[in-house]
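Number of protein chains: 2
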Amino acid sequence: MKPFSPHPRETVAQHGEVALIAAIRRWLGPAAPPSPAGMGDDCAVLAPLRGKPLVTVDPVIYGEHFDDRNSPQEAGTKLFRRNLSDIAAMGGRPVAAVVSIACDPSLRTAWLEGFYRALAAESRRLGVPVVGGDIARLRGGLIATLTLIGRCAGTRAVTRHGARSGDWIYVTGDLGGSLEGKHCRFTPRLAEGKWLARQRAVRAMMDVSDGLAKDLTSLQPPRSLALLEEAALPISPAARRTARRSGRSAAAHALTDGEDYELVFAVARDANLAAFEARWRRAFPRLRLSRIGHFAAPGTPLPVGHTTLQEHRGFEHLRRDSTRRQ
Amino acid sequence: MKPFSPHPRETVAQHGEVALIAAIRRWLGPAAPPSPAGMGDDCAVLAPLRGKPLVTVDPVIYGEHFDDRNSPQEAGTKLFRRNLSDIAAMGGRPVAAVVSIACDPSLRTAWLEGFYRALAAESRRLGVPVVGGDIARLRGGLIATLTLIGRCAGTRAVTRHGARSGDWIYVTGDLGGSLEGKHCRFTPRLAEGKWLARQRAVRAMMDVSDGLAKDLTSLQPPRSLALLEEAALPISPAARRTARRSGRSAAAHALTDGEDYELVFAVARDANLAAFEARWRRAFPRLRLSRIGHFAAPGTPLPVGHTTLQEHRGFEHLRRDSTRRQ
Numbered sequence: 007m008k009p010f011s012p013h014p015r016e017t018v019a020q021h022g023e024v025a026l027i028a029a030i031r032r033w034l035g036p037a038a039p040p041s042p043a044g045m046g047d048d049c050a051v052l053a054p055l056r057g058k059p060l061v062t063v064d065p066v067i068y069g070e071h072f073d074d075r076n077s078p079q080e081a082g083t084k085l086f087r088r089n090l091s092d093i094a095a096m097g098g099r100p101v102a103a104v105v106s107i108a109c110d111p112s113l114r115t116a117w118l119e120g121f122y123r124a125l126a127a128e129s130r131r132l133g134v135p136v137v138g139g140d141i142a143r144l145r146g147g148l149i150a151t152l153t154l155i156g157r158c159a160g161t162r163a164v165t166r167h168g169a170r171s172g173d174w175i176y177v178t179g180d181l182g183g184s185l186e187g188k189h190c191r192f193t194p195r196l197a198e199g200k201w202l203a204r205q206r207a208v209r210a211m212m213d214v215s216d217g218l219a220k221d222l223t224s225l226q227p228p229r230s231l232a233l234l235e236e237a238a239l240p241i242s243p244a245a246r247r248t249a250r251r252s253g254r255s256a257a258a259h260a261l262t263d264g265e266d267y268e269l270v271f272a273v274a275r276d277a278n279l280a281a282f283e284a285r286w287r288r289a290f291p292r293l294r295l296s297r298i299g300h301f302a303a304p305g306t307p308l309p310v311g312h313t314t315l316q317e318h319r320g321f322e323h324l325r326r327d328s329t330r331r332q
Numbered sequence: 007m008k009p010f011s012p013h014p015r016e017t018v019a020q021h022g023e024v025a026l027i028a029a030i031r032r033w034l035g036p037a038a039p040p041s042p043a044g045m046g047d048d049c050a051v052l053a054p055l056r057g058k059p060l061v062t063v064d065p066v067i068y069g070e071h072f073d074d075r076n077s078p079q080e081a082g083t084k085l086f087r088r089n090l091s092d093i094a095a096m097g098g099r100p101v102a103a104v105v106s107i108a109c110d111p112s113l114r115t116a117w118l119e120g121f122y123r124a125l126a127a128e129s130r131r132l133g134v135p136v137v138g139g140d141i142a143r144l145r146g147g148l149i150a151t152l153t154l155i156g157r158c159a160g161t162r163a164v165t166r167h168g169a170r171s172g173d174w175i176y177v178t179g180d181l182g183g184s185l186e187g188k189h190c191r192f193t194p195r196l197a198e199g200k201w202l203a204r205q206r207a208v209r210a211m212m213d214v215s216d217g218l219a220k221d222l223t224s225l226q227p228p229r230s231l232a233l234l235e236e237a238a239l240p241i242s243p244a245a246r247r248t249a250r251r252s253g254r255s256a257a258a259h260a261l262t263d264g265e266d267y268e269l270v271f272a273v274a275r276d277a278n279l280a281a282f283e284a285r286w287r288r289a290f291p292r293l294r295l296s297r298i299g300h301f302a303a304p305g306t307p308l309p310v311g312h313t314t315l316q317e318h319r320g321f322e323h324l325r326r327d328s329t330r331r332q
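From first to last, the protein sequence lines stand for chains W and U.
My numbering numbers the first residue of the first sequence as 7 and each following residue consecutively.
My numbering numbers the first residue of the second sequence as 7 and each following residue consecutively.
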């Protein structure tokens with residue numbers, strides 16, 4: 007759906023701010039608790055949090071993260087889920103969201119309704135209320151920014167720092183070709199993240215948003231590099247289809263396309279991998295788990311069938327030549 | 007400063023994302039704690055909060071909340087302070103901020119530096135770290151969105167709901183003419199908000215952001231209206247100057263200009279006002295406090311020298327005809 011309309015009657019400019027906020031509350035329904043626990047006061051007042059708070063923020067921007075080919079529902083779902091994926095990557099639980107929208111006054115009211123109804127559906131599914139927000143004018147543009155508050159689910163948050171040389175690298179699901187649809191319809195790995203945070207052998211974790219080749223450098227311990235076993239890479243069918251059109255290899259798409267929103271994590275080198283993998287399969291029988299390589303000291307001879315990250319690069323957000331989307 | 011430059015060398019497009027994030031960390035300095043307490047992981051992990059968490063979010067948008075006449079420092083200061091004002095309005099304490107920026111790749115690096123250095127200065131002054139954020143591309147625009155996490159300072163958060171018919175209406179500081187400069191240089195009333203939350207007689211509170219005439223309707227108890235004593239309105243010198251140019255009354259400017267970021271609150275009708283006002287003067291000898299009217303049942307005859315809100319209207323954020331800024 008094109009977000010903007012040339013017909014003023016179809017647009018948010020028709021409504022005063024008070025009427026628009028009332029409509030947003032209606033679209034959110036039970037996802038928006040009454041103030042002061044939700045919208046309608048200067049701040050939302052949350053119930054005391056058990057455990058350490060987690061905070062993450064990410065936007066969706068028209069022309070960058072979605073476009074005319076996407077429905078407003080897809081934009082809203084993507085916005086909520088990319089933030090949920092960040093909470094999942096720490097092994098946390100989501101608690102509450104606030105959403106700030108800035109849009110041209112020619113934004114279709116129907117677009118905004120679809121967007122908020124998608125947020126409401128995510129909110130209900132997960133029991134994570136939308137407790138506040140803001141709507142403001144941005145001439146010629148459309149951006150929605152969601153801040154998600156969470157909390158540590160167990161005794162720890164799993165950070166990106168903690169992997170050691172020799173540790174094994176695992177990734178959930180499969181990778182690449184997300185522009186075929188997954189970038190708007192992925193499943194944040196919340197249950198998996200919480201489960202992994204309870205496994206002592208898991209030393210570091212993050213989600214794959216900019217492509218494994220770029221993101222994995224953040225998980226890499228100092229003075230070591232990631233050696234990836236090419237045959238073990240979980241290449242998605244979408245990556246294979248994309249490769250047939252692009253002329254690049256399916257593995258290159260799996261490593262660099264980004265927006266996979268899977269979890270990549272390091273498992274202690276001395277862990278009992280067979281037992282760990284068996285526990286995973288019992289807990290998540292339907293989600294693929296791949297051991298894709300390990301961290302090694304620099305200068306380690308490259309084993310047969312392995313590759314390093316140097317040859318690949320993920321998405322750069324601000325380069326003028328970025329072409330991942332549109 | 008014009009935020010955008012036609013010379014690519016002066017712009018953020020020159021820098022890769024990694025280099026830009028490293029620069030942002032440098033500009034923030036001690037305001038950005040190391041991960042996982044700060045930037046650099048999927049979420050920021052905060053220390054456990056004492057008291058109920060507070061959450062608020064507000065953006066600053068180029069062309070709406072600031073323009074070429076404003077320095078990047080003013081934009082950054084305004085962004086932090088308008089959110090601090092929301093925490094103040096609940097009587098809370100600010101704890102941590104996350105900042106999401108979306109900008110055209112032609113944004114001047116110098117603009118971004120000035121902006122972040124202003125956030126750093128606010129952060130240091132108040133001991134409120136910037137724990138996370140995001141930078142993304144928005145073609146042709148510039149918006150920064152700050153989410154502020156706080157906590158209740160004492161036993162309660164003061165909400166907008168709680169005033170009763172007969173209660174007195176007070177406001178801090180003076181009102182109107184904020185476009186002359188206050189809209190970028192106001193002082194959030196944090197100490198005052200905390201103090202007011204400890205006064206039992208204070209029944210409801212909010213900050214004045216869209217103009218008293220509009221905002222006060224949110225404080226109004228059901229089946230009552232605000233009667234304002236015109237002579238008691240704290241009209242700012244800037245409102246008087248603006249009135250001389252606009253042809254409207256200074257009182258009208260005080261009631262509708264908005265962006266005052268003062269606190270307006272209701273005091274119980276049976277409170278000892280003299281004692282309350284004396285305590286205020288001891289606590290805040292340099293900040294004006296004005297009793298500007300009271301809430302009354304509809305149909306109450308309008309006392310001499312009083313006005314109602316019906317005649318005035320604050321800022322409507324999405325109307326095409328809004329002209330408050332630019």
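No residue lacks a Cβ here, since even glycine has one placed at the ideal position from N, Cα and C.
Query	Result
Quick one: what's got a C-beta closer than 8 Å to Asp-74 (chain U)'s C-beta in the same chain, skipping five residues either side?	Met-7, Lys-8, Pro-9
Measuring straight from C-alpha to C-alpha, what distance separates Gly-160 (chain W) and Thr-193 (chain W)?	22 Å
Which same chain residues end up closer than 6 Å to Gly-172 (chain U) when comparing Cβ atoms and leaving out the 5 residues on each side of it in sequence?	Arg-275
Can a CB atom of chain U be found closer than 9 Å to the CB of His-300 (chain W)?	no
Thinking just about the alpha-carbon of each residue, which of W:Val-208, W:Arg-297, W:Met-212, W:Leu-315 is nearest to the one in Ile-93 (chain W)?	W:Met-212
By the three-class DSSP mapping on this structure, what secondary structure does Leu-144 (chain U) have?	coil
In chain order, what residues of the same chain lie with their CB nearer than 7 Å to the CB of Ile-67 (chain W), ignoring the 5 residues before and after it?	Ile-149
For a contact defined as C-beta to C-beta under 8 Å, what are the partners of Leu-55 (chain W) on chain U?	Pro-54, Leu-55, Pro-59
For Arg-206 (chain U) and Arg-88 (chain U), I'd like the C-alpha separation in whole angstroms.	26 Å
So which residues on chain W does Ala-108 (chain U) lean against when the C-beta distance must stay under 7 Å?	Pro-65, Ile-67, Ile-149
Taking the alpha-carbon positions, what's the Lys-220 (chain U) to Cys-190 (chain W) distance?	39 Å
Identify, in the order they occur along the chain, each residue of the same chain with its Cβ nearer than 6 Å to the Cβ of Leu-174 (chain W), setting aside the five sequence neighbours on each side.	At residue 174 (chain W) the sequence reads Trp, which differs from the Leu that was named. Only Val-273, Arg-297, His-300 meet the Cβ criterion.
Where does Glu-119 (chain U) fall in DSSP's three states?	helix
So with CB distances below 9 Å, who are the chain U contacts of Gly-217 (chain W)?	Simply none; closest approach about 12 Å.
Given 8 Å as the limit, is there contact between the segment 242-259 of chain U and the segment 178-187 of chain U, that is, 3 or more CB pairs closer than that?	yes
Less than 9 Å between the beta carbons of Leu-231 (chain U) and Thr-151 (chain U), yes or no?	no
Is the Cβ of Cys-190 (chain U) closer than 9 Å to any Cβ of chain W?	no
Which residues in chain W sit within 8 Å of Leu-315 (chain U), going by Cβ to Cβ distance?	Neighbours of Leu-315 (chain U) on chain W: none; closest Cβ ~14 Å, over 8 Å.
List, in chain order, every chain W residue whose beta-carbon is nearer than 9 Å to that of Lys-41 (chain U).	The sequence shown places Ser at residue 41 (chain U), rather than the Lys named in the question. Per Cβ cutoff of 9 Å: Thr-165, Arg-166, His-167.
Are there 16 or more other CB atoms within 10 angstroms of the CB of Ala-237 (chain W), so buried, or fewer, so exposed?	exposed
Hey, could you find the ends of the beta strand (DSSP E) Cys-109 (chain U) is sitting in?	98-109
Does Glu-119 (chain W) have its Cβ less than 9 Å from a Cβ in chain U?	no
Going along the chain, which residues of the segment 272-298 of chain W sit with their C-beta nearer than 7 Å to a C-beta in chain U?	none
Following the continuous alpha helix (DSSP H) through Ala-257 (chain W), name the residue where it begins and the one where it ends.	256-262
Let me make sure I understand the geometry here. Which of W:Leu-125, W:Ala-210, W:Asp-266, W:Gly-139 has the alpha-carbon closest to that of Arg-166 (chain W)?	W:Ala-210
May I have the straight-line CA-CA distance separating Leu-132 (chain U) from Ala-103 (chain U), to the nearest angstrom?	12 Å
Kindly say whether Arg-99 (chain U), judged by its beta-carbon, lies nearer than 9 Å to any beta-carbon of chain W.	no
Check the Cβ-Cβ distances between Ile-175 (chain U) and every residue of chain W, and say whether any is below 9 Å.	no
Should Gln-79 (chain W) go down as buried or exposed, given a rule of 16 or more other Cβ atoms within 10 Å for buried?	buried
Taking only heavy atoms of the ligand HEM into account, decide whether any of them is closer than 8 Å to the Cβ of Val-177 (chain U).	In terms of ligand content, the structure shown is empty, and the ligand HEM therefore cannot be addressed.
Does the beta-carbon of Leu-308 (chain U) have 16 or more other beta-carbons within 10 angstroms, so that it is buried, or is it exposed?	exposed
According to the neighbour-count rule (16 or more other Cβ atoms, all chains shown, within 10 Å of its Cβ), is Asp-99 (chain W) buried or exposed?	Note that residue 99 (chain W) is Arg in the sequence shown here, rather than Asp. Buried, because 16 or more other Cβ atoms sit within 10 Å of the Cβ of Arg-99 (chain W).
Among W:Lys-84, W:Ala-197, W:Val-134, which residue has its Cα nearest to the Cα of Ala-38 (chain W)?	W:Val-134
Can you pull the chain U neighbours of Leu-125 (chain W), defined as C-beta to C-beta under 8 Å?	Result: empty, since nearest Cβ-Cβ is about 14 Å, beyond 8 Å.
Report the residue from W:Leu-52, W:Lys-84, W:Ser-112 whose alpha carbon sits nearest the alpha carbon of His-71 (chain W).	W:Lys-84
By how many angstroms is the C-alpha of Val-310 (chain U) removed from the C-alpha of Val-137 (chain U)?	53 Å
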